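Structure first, commentary second.
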Amino acid sequence: MTPGLADIVAQLRRARERWRDGQHRVREVGGRELPSREALSAIVAGLRGALFPMRLGPPDLRQDHEDFYVGHTLDTALGALHGQVQLELRHQARSGTEEAAATEARALEVVREFGAALPAIRELLDSDVLAAYRGDPAAHSVDEVLLCYPGIHAMIHHRIAHQLHGLGVPLLARIVAELSHGETGIDIHPGARIGPGFFIDHGTGVVIGETAEIGRDVRLYQAVTLGAKRFVTDEDGQLQKGGARHPIVEDEVVIYAGATILGRVTIGRGSAIGGNVWLTRSVPPGSRITQAQSREGDPDTGRTLL
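Counting in the numbering used here, the sequence shown runs from 65 upward without gaps.
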């Protein structure tokens with residue numbers, strides 16, 4: 065045994081006990097009681113293959129076997145998802161946000177509704193793939209876009225995560241979103257509402273907050289942030305959760321690299337926001353906003369706003 069290992073193990077046990085006592089945790093006597101990143105990674109891989117079998121499925125798949133593969137893969141993925149949903153709903157019940165007696169029936173309902181939504185998710189993803197192909201002169205085919213573009217990889221995860229978020233399993237949704245975040249550098253909260261034909265070009269460093277609303281045929285470039293301007297705190301200085309605090313981006317807007325848009329502002333339809341612009345106010349439809357158009361200062365920070 066490594067010298068001092070027993071002491072390290074004992075210190076780690078005491079650290080766990082302090083954390084669990086501080087968080088008022090009960091002992092997980094029946095094994096792991098929270099969803100698994102590893103399990104969800106495998107589930108999403110199966111769902112990706114079922115959504116796009118001839119591109120993201122197994123390399124030896126033939127078209128005449130597609131339906132069998134899709135059926136078998138969905139049966140496996142949705143069955144595994146059911147187990148993960150049960151874990152989250154039981155956790156919610158222990159936390160007092162869900163009735164324990166209702167968790168089993170609710171878990172089955174969540175998985176059924178999620179499965180039923182998969183054809184609509186595929187339609188949305190088709191619109192995203194087409195938007196990327198049509199919007200990037202470097203794209204040679206829709207197949208290249210689907211196989212290679214990090215923005216499409218992120219949107220596959222987001223469309224899945226957003227559906228789970230809406231079905232009342234936000235922890236599962238957040239794990240799915242963070243799997244993609246780690247792989248692509250694109251950070252989209254699963255609560256964000258994103259319309260069809262969404263294209264993230266290049267993508268690294270894009271951040272889209274929980275309450276952001278994005279319309280149809282919107283294009284973002286790398287390092288764009290759709291974030292909150294400030295966070296409201298209660299009388300004890302604790303952050304207040306929830307509340308609409310991220311931008312609304314209307315249809316056919318283009319936001320270029322490095323732009324930062326903060327707060328519950330509206331970017332009007334057909335607008336173009338230039339690179340590295342810092343924007344904390346609404347702009348009307350058809351606006352063209354550049355760094356050179358400095359008009360007012362932020363009363364809180366004194367920083368120039370566009």
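Using N, Cα and C, we set each Cβ at its ideal position, and we do this for glycine too.
These figures come from a predicted structure and were not determined experimentally.
| Asked | Found |
| --- | --- |
| Could you work out which residue in Phe-295, Pro-260, Arg-80, Gly-322 is closest to Val-282 when comparing CA atoms only? | Pro-260 |
| Taking buried to mean at least 16 other C-beta atoms within 10 Å of its own C-beta, is Pro-254 buried or exposed? | buried |
| Taking the continuous alpha helix (DSSP H) assigned at Ile-220, which residues delimit it? | 214-230 |
| Is the beta carbon of Thr-134 sitting closer than 7 Å to the one on Ala-114? | Checking the displayed sequence, the identity of residue 134 turns out to be Val instead of Thr. A contact, by the Cβ cut-off of 7 Å. |
| Return the CA-CA distance between Leu-303 and Ala-237, expressed in angstroms with no decimal places. | 22 Å |
| How big is the Cα-Cα spacing for Gly-160 and Ile-239? | 21 Å |
| Which stretch, first to last residue, makes up the beta strand (DSSP E) that contains Gly-143? | Counting along the chain, Gly-143 falls outside any beta strand (DSSP E), though it belongs to the alpha helix (DSSP H) covering 130-158. |
| Tell whether a beta-carbon distance below 7 Å holds between Asp-339 and Gly-322. | Here the sequence assigns Gly to residue 339, which means Asp is not the residue at that position. Their beta carbons are under 7 Å apart, which means Gly-339 touches Gly-322 by this criterion. |
| Mind checking His-222: buried by the 16 CB within 10 Å criterion, or exposed? | buried |
| Taking the CB atoms as reference points, tell me whether Val-347 and Gly-332 lie closer together than 7 Å. | yes |
| Please state whether the Cβ-Cβ distance between Arg-309 and Thr-330 is less than 7 Å. | no |
| In whole angstroms, what separates the C-alpha of Glu-360 from that of Thr-344? | The predicted position of Glu-360 is uncertain, since its pLDDT is 48 and thus under 50; no value can be drawn from it. |
| Could you tell me if Leu-98 is buried or exposed, where buried requires 16 or more neighbouring beta carbons within 10 angstroms of its beta carbon? | exposed |
| Could you tell me the alpha carbon to alpha carbon distance between Glu-277 and Gly-291, rounded to whole angstroms? | 11 Å |
| Assign Gly-121 to one of two classes, buried (16 or more other C-beta atoms within 10 Å of its C-beta) or exposed (fewer than that). | buried |
| Following the continuous beta strand (DSSP E) through Gly-291, name the residue where it begins and the one where it ends. | 289-291 |
| Taking Cβ positions, are Val-175 and Leu-145 nearer each other than 7 Å? | yes |
| Which residue comes first and which comes last in the alpha helix (DSSP H) that contains Thr-167? | 167-199 |
| Where does Asp-85 sit, in a helix, a strand or coil, going by DSSP? | helix |
| Can you tell me whether DSSP reads Arg-78 as helix, strand or coil? | helix |
| Using the Cα positions of Val-149 and Ser-244, report the straight-line distance between them to the nearest angstrom. | 19 Å |
| Under a Cβ-count criterion, where at least 16 other Cβ atoms within 10 Å of its own Cβ denotes burial, should Thr-368 be classed as buried or exposed? | Note on Thr-368: pLDDT 40, under 50, position unreliable in the model; no value is reported. |
| Just verifying my parser: in three-state terms, what is the DSSP assignment at Ile-107? | helix |
| Let's see if you can read the secondary structure: which residues bound the beta strand (DSSP E) around Ile-325? | 324-326 |
| Quick one: is His-136 buried, meaning 16 or more other Cβ sit within 10 Å of its Cβ, or exposed? | exposed |
| Pull up the distance between the alpha-carbon of His-229 and that of Leu-235, whole angstroms please. | 8 Å |
| Measure the beta-carbon distance from Gly-215 to Asp-251 and round it to whole angstroms, keeping in mind my assumption that it falls under 8 Å. | Between Asp-251 and Gly-215 the Cβ distance is about 12 Å, and since that is not below 8 Å, they are no contact. |
| Strictly by DSSP, which residues pair up with Glu-277? | Arg-257, Ile-312 |
| Could you check whether Met-219 and Asp-190 sit closer than 7 Å to each other, using their CB atoms as the reference points? | no |
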